[in-house]
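Going left to right, the first sequence walks through residues 3 to 484 as our numbering numbers them.
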Amino acid sequence: MTVSIVWFRRDLRLMDNEVLAHALVMTHRVIPVYIHAPGENGPWAMGAAARWWLYHSLAALDAALRERGSRLVIRRAATSRAGLRALVKETDASLVCWHRLYEPAEAAREDAIEAAMVRAGVTVQTFPGHLLLEPEAVQTGSSGSYKVFTPYARAVRTKLVLPKPRPAPHRLRVVPSSISSLPLASLKLLPKSGWAASFTRAWQPGEAGAHKRLRALGKKLANYAADRDRPAVDGTSHLSPHLHFGEITPARVWRTVAAQAAGRNKPGLVRGAETFQRELLWREFAHHVLHHFPATPERPLDARFAKFSWRRSAALLHAWQRGETGIPMVDAGLRELWTTGTLHNRTRMIVASFLTKHLRLHWREGARWFWNTLVDADLANNTLNWQWVAGCGADAAPYFRIFNPVLQSRKFDPAGEYLARWLPELKKLPARYRHAPWLAPAQMLARAGIRLGVNYPYPVMDLAHGRAEALDAFQRWKRRKR
DNA sequence: TGAAATGTTGGGGCG
DNA sequence: ACGCCCCAACATTTC
Numbered sequence: 003m004t005v006s007i008v009w010f011r012r013d014l015r016l017m018d019n020e021v022l023a024h025a026l027v028m029t030h031r032v033i034p035v036y037i038h039a040p041g042e043n044g045p046w047a048m049g050a051a052a053r054w055w056l057y058h059s060l061a062a063l064d065a066a067l068r069e070r071g072s073r074l075v076i077r078r079a080a081t082s083r084a085g086l087r088a089l090v091k092e093t094d095a096s097l098v099c100w101h102r103l104y105e106p107a108e109a110a111r112e113d114a115i116e117a118a119m120v121r122a123g124v125t126v127q128t129f130p131g132h133l134l135l136e137p138e139a140v141q142t143g144s145s146g147s148y149k150v151f152t153p154y155a156r157a158v159r160t161k162l163v164l165p166k167p168r169p170a171p172h173r174l175r176v177v178p179s180s181i182s183s184l185p186l187a188s189l190k191l192l193p194k195s196g197w198a199a200s201f202t203r204a205w206q207p208g209e210a211g212a213h214k215r216l217r218a219l220g221k222k223l224a225n226y227a228a229d230r231d232r233p234a235v236d237g238t239s240h241l242s243p244h245l246h247f248g249e250i251t252p253a254r255v256w257r258t259v260a261a262q263a264a265g266r267n268k269p270g271l272v273r274g275a276e277t278f279q280r281e282l283l284w285r286e287f288a289h290h291v292l293h294h295f296p297a298t299p300e301r302p303l304d305a306r307f308a309k310f311s312w313r314r315s316a317a318l319l320h321a322w323q324r325g326e327t328g329i330p331m332v333d334a335g336l337r338e339l340w341t342t343g344t345l346h347n348r349t350r351m352i353v354a355s356f357l358t359k360h361l362r363l364h365w366r367e368g369a370r371w372f373w374n375t376l377v378d379a380d381l382a383n384n385t386l387n388w389q390w391v392a393g394c395g396a397d398a399a400p401y402f403r404i405f406n407p408v409l410q411s412r413k414f415d416p417a418g419e420y421l422a423r424w425l426p427e428l429k430k431l432p433a434r435y436r437h438a439p440w441l442a443p444a445q446m447l448a449r450a451g452i453r454l455g456v457n458y459p460y461p462v463m464d465l466a467h468g469r470a471e472a473l474d475a476f477q478r479w480k481r482r483k484r
């Protein structure tokens, strides 16, 4: 009887699972395992919202395995390596396999584990994971890494070869009862407070939920190019946490979207598909950049920004985190984040610009908050996007590109629906004043039951002043850096 | 995947 | 008819 271990991490699916398929072909008995080693990733240990997701996704995976006669073995260990070693010994496994991860710390850990396994006489087989192309698969002409999105995306599109879709296995062999597994609850993945309870209304973690979202995307595709920018409209895919946890592969998403646009004479659909695929390519780009510049979660890619005069203010940061800045579009976004564990892409850019420009707080403060509160928190995406907004990253928007949150609000939420949804205290204010209540006539505010400074804050920062100060700080920095 | 300031153009009102 | 001014609309430049 040969035994293999399938090490699940961020590939919590049964369809399109090359690792599982390989193990099933190579060995008689397959032991699916998840190893909880929370101390392993240091400051970038999984954030609280993502742990909520992980809990439910592991539960879904276990249920899917049980439907097929198997089960998920859950272990806790000081390190993944120790956990795997113990399980190999217990089961006398001759093969361990996994989908590769690309975060620098993960990749280094995998190398060490593989070396140790091989020394112990265990075969290790790893497979590409969670990207369309591995970071090393795309290189510039001079065999370097890309720092600019457009040529990178072009290179990926030419190189792209999608694997054939693979159905989930029908039947799996039972995992012997002698192999112990911890109850999922004992991993303490869920927050102690009721904070995340409201996430359940917004999300269905797990493979089935991922495929539901993919089906729903088909109906949104024709209007995707415009709707994705409107936070009040359900126009985006909501696939990011599913992709992060590998509940669905980007290859399957790419293929499905392409198939929906192909052969239909609908220009909107073609445009929507291309726009969406571009978003998938940004995800690829983020991993490419993190792979080649592993220090970027802590340090700006543009090293000159290390000397930028970021402001330190616990009070401003706190107001931003809680959605109490007095700027409705900013507050609506941050309250959506707190309530649902997600934030509309347009709003992400707006709140990030406000933090790094008007408030001039360090982009890392924002990145850290997102890391803990987003269910789709992903080190590569989070790092790239925050540095992009702050102006210090790969292919970044220049620092002086400052979003005016009121103009953005008027442009992308003209009827003020998104604002009303997340800021019920402003609901009675006519839409045209909802974007900037401090500009509303006193009588109008009174009629809407709003008392600025009492039940909705005054702006913590005057927009014109914040903008001017940010530009000034940028000028001073530019003069000094030479 | 900005916004604001500045520059240019052209139509219309008017003496 | 003409020059002049105003100003909206659009384009370009600057931050």
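All C-beta atoms in this analysis are idealised placements derived from N, C-alpha and C, irrespective of residue type, glycine included.
Residue environment, residue i, which counts as buried when at least 16 other CB atoms sit within 10 Å
i, result
"K221", "exposed"
"A25", "buried"
"E112", "buried"
"K190", "exposed"
"Q477", "exposed"
"R403", "exposed"
"N387", "buried"
"M119", "buried"
"D380", "buried"
"V27", "exposed"
"P439", "buried"
"A88", "exposed"
"D64", "buried"
"Q410", "buried"
"T152", "exposed"
"T298", "buried"
"G196", "exposed"
"T29", "buried"
"S59", "buried"
"M3", "exposed"
Contact check, residue i vs residue j, beta carbons under 8 Å
i, j, result
"A228", "D415", "no"
"R11", "H38", "no"
"G49", "N374", "yes"
"W140", "V98", "Sequence inspection shows Val at residue 140; the Trp mentioned does not correspond to that position. Not in contact: V140 and V98 (Cβ atoms no closer than 8 Å)."
"L303", "A396", "yes"
"P252", "L134", "yes"
"I7", "Y36", "no"
"V150", "E286", "no"
"A308", "R314", "no"
"E367", "L319", "yes"
"F129", "E20", "yes"
"I181", "E69", "no"
"R168", "D18", "yes"
Three-state secondary structure (DSSP) of residue i
i, result
"P252", "helix"
"L454", "strand"
"L60", "helix"
"H38", "strand"
"H132", "coil"
"T125", "strand"
"S1", "The question about residue 1 has no answer here: the residues shown for the chain are numbered 3 through 484."
"L97", "strand"
"I352", "helix"
"S144", "coil"
"W9", "strand"
"V32", "strand"
"V176", "coil"
"V235", "coil"
"R168", "coil"
"L319", "helix"
Same chain only: Cβ atoms within 6 Å of residue i, ignoring 5 sequence neighbours per side
i, result
"G328", "P459, Y460, P461, V462"
"S183", "V75, I76"
"F278", "Y226, V259"
"A382", "A288, H289, L292"
8 Å contact criterion, which residue i and residue j should meet: CB distance rounded
i, j, result
"H437", "R469", "H437 to R469, Cβ: 17 Å. No contact."
"L431", "I452", "6 Å"
"I33", "R83", "Contact doesn't hold; Cβ gap of about 17 Å is too wide."
"W312", "H360", "Actually they do not touch by this definition, with Cβ atoms about 13 Å apart."
"I250", "L216", "6 Å"
"N384", "A369", "5 Å"
"D13", "G248", "4 Å"
"G335", "T349", "4 Å"
"V5", "S96", "7 Å"
Neighbourhood of residue i by C-beta, 8 Å cutoff - its chain only, sequence neighbours within 5 removed
i, result
"G71", "R173, L174, R175, V176"
"V90", "I7, V98, M119, A122, V124"
Same chain only: Cβ atoms within 7 Å of residue i, ignoring 5 sequence neighbours per side
i, result
"V377", "A51, A52, W54, W55, F201, W205, P243, G343, T344"
"T81", "A39, E42"
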